[in-house]
Amino acid sequence: MYSYFRLLHSLSNKNNCKIHTKVKGMFNTIFGKHLVLTNTISCGVLMGAGDLIQQEIERYRNVNSKPFDWKRTGRMFVVGLTQGPPQHIFYKFLDRGLPRRDFRSISIKIIIDQLIASPVCICIFFFGMGYLEDQTWDEIISESKKKFLTVYLVDWLVWPPTQVINFYFLKPKYRVMYINIMTMLYDVFLSYIKHDV
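Residues in the sequence shown are numbered from 1126 upward in steps of one, following this note's numbering.
Here it is, written out as structure tokens:
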């Protein structure tokens, strides 16, 4: 009987080892060889998810609310896809230029992120959404001017502490994924601002 349990234990350890090896191989592939694709898709999926969360909040607050607007979520997804490659390139640039994890390097990265990447990403969001909503150029500019400052000020509250964690604790290959997950929560706010709820 004892040998039977030893055999079962031995087989389960071998299977666990195989599963662990496969999962590790998958992670190495998506966070290695296919990192740009992983970052791009995750940007789109998580921006769409942020919009779905915001729509659920809208439905919860208003009993007479409309059903989910899947086209709206699709537009958020597409705009999210456009954010992945620039973020991937930007973080690689920051890590090459400032590879250390000391206070000075992290502070410089955060300042560069807030003064360059943040305004660019906000503009990509408003211009991309406006384009996909068939807004005129003047409407896109007007909405961007009206809402940019609100989004940018909230950006300053959210992202510096988030980026301290990102730049100090995380390996470079996980940076965009971490930011995407945090962005999903931030995208609930963006969806709220964009859709004037």
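Cβ atoms here follow ideal geometry from the backbone N, Cα and C, with glycine treated the same way.
Which of helix, strand or coil DSSP assigns to residue i
i: Asp1321; result: coil
i: Asn1328; result: Nothing about residue 1328 can be reported from this structure: the residues present for the chain run from 1126 to 1322 only.
i: Cys1248; result: helix
i: Pro1192; result: coil
i: Lys1298; result: helix
i: Pro1224; result: coil
i: Asp1259; result: coil
i: Asn1291; result: helix
i: Tyr1129; result: Caution applies to Tyr1129, whose pLDDT of 46 falls short of 50 and renders its modelled position unreliable; the value that the coordinates give is listed next. Helix at Tyr1129.
Range of the contiguous alpha helix (DSSP H) that encloses residue i
i: His1159; result: Run containing His1159: none; DSSP gives neither H nor E here.
i: Asp1123; result: Past the boundaries of the shown model lies residue 1123; the chain is included only from 1126 to 1322, so the question cannot be answered.
C-beta atoms of residue i and residue j nearer than 8 angstroms
i: Ser1243; j: Tyr1277; result: yes
i: Met1201; j: Thr1308; result: no
i: Gln1239; j: Asn1164; result: no
i: Cys1168; j: Leu1223; result: no
i: Ile1235; j: Gln1288; result: yes
i: Pro1297; j: Asp1220; result: yes
Separation of residue j from residue i, as counted between CA atoms
i: Ser1267; j: Tyr1216; result: 30 angstroms
i: Asp1321; j: Lys1272; result: 10 angstroms
i: Ile1166; j: Gly1209; result: 7 angstroms
i: Gly1253; j: Val1204; result: 6 angstroms
i: Ile1318; j: Arg1226; result: 34 angstroms
i: Trp1262; j: Phe1250; result: 14 angstroms
i: Arg1197; j: Ser1269; result: 18 angstroms
i: Leu1295; j: Phe1218; result: 16 angstroms
i: Glu1181; j: Asp1259; result: 25 angstroms
i: Asp1194; j: Arg1229; result: 45 angstroms
i: Ile1306; j: Thr1275; result: 21 angstroms
i: Met1302; j: Leu1177; result: 19 angstroms
i: Leu1160; j: Asn1291; result: 17 angstroms
i: Val1170; j: Gly1199; result: 9 angstroms
i: Val1283; j: Val1245; result: 16 angstroms
i: Ile1233; j: Phe1314; result: 26 angstroms
i: Leu1310; j: Ile1214; result: 22 angstroms
i: Lys1191; j: Leu1257; result: 21 angstroms
Expected contact under 8 angstroms - CB spacing of residue i and residue j to nearest Å
i: Asp1280; j: Gly1175; result: 15 angstroms between Cβ atoms; not a contact.
i: Ile1231; j: Tyr1293; result: 6 angstroms
i: Gly1255; j: Ile1265; result: 3 angstroms
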